[in-house]
Amino acid sequence: LEACKQEERWADAVDVLEELVATAEAPEVRAKFLYTTGVIARDKLGDPELAVQAFEETLDADPMKLEAFEAIDRMLTELAEWKELEKAYRRMLRRTTETDGPPGKEVQIELWIGLAEIYLHRLDHPRSARQALETARELDPDNEDVEALAAELDD
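Every position in the sequence shown, counted from 1, becomes a number in this note's numbering once 60 is added.
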C-alpha cells in the first residue's frame, strides 16, 4: 500500500485496500481501510461514485466514523444529488438507531434536522420536513435549530 501511495498508483492502492478489507476481522480496522479507499477515490481518482460507496461501507462497519458521513454529505451536496442525499441520511439514521445515548442521540437529532432541511430546501416536501422535525423534537424538545426550521415551515 505504501509503495502504491509513494508511486501514486492510486487504482492499485484501492485494490490493495480491498484485499485488506476482505481480511480484516475488526470492524474498526475495516472502517479505516474503507475510509482510506473513499478518500483516494474522491481526491486522487476523481470517482465520486466509488468514494460514496466506500464511505457508506465505512459507516456500515463503524457508524460513528462520522467523517465518512460528512464526506458523503459534502459530495452529494456538491453534485446536487438531493434524492441520493436523502437516502444517505435515511441509511445513517438506521445505523445510529443501534447506538443508544450520546453520541447516538445527538447524531440522530442532527440527522433528522439535516433531513428536514433537505426536504424543505432541496426537495420541496414540506410535509416530510415537518415529520422529520417532529421526530427531532421528540428527541430534543428544546432544540433551537428544530424551532428555527419549524418557523420556516410556518411562514
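All C-beta atoms, glycine included, are put in the ideal place defined by N, C-alpha and C.
Computed from a predicted model, the values in this text were never measured in an experiment.
The stretch 85-94 in contact with the stretch 63-74 per 3-pair CB rule at 8 Å
no
Please specify which runs of the alpha helix (DSSP H), each continuous and at least 4 residues long, are wholly inside the stretch 131-182, giving them in chain order.
142-156, 164-177
Whose CA, out of E144, D75, D215, L209, lies closest to the CA of L105?
Cα-wise, what sits closest to L105 is D75.
Counting along the chain, where does the alpha helix (DSSP H) carrying L110 start and finish?
108-121
Suppose contacts are defined by Cβ-Cβ distances below 8 Å. Is F129 in contact with L136 by that definition?
no
Quick one: give me the first and last residue of the alpha helix (DSSP H) that L199 is part of.
186-199
Roughly how many whole angstroms lie between the Cα atoms of D133 and V81?
23 Å
Straight-line Cα distance separating L153 from E170:
Near 10 Å, if we compare the C-alpha coordinates of L153 and E170.
Work out the CA separation of E67 and L193 for me, nearest whole Å.
49 Å
Put A63 into one of helix, strand or coil per three-state DSSP.
helix
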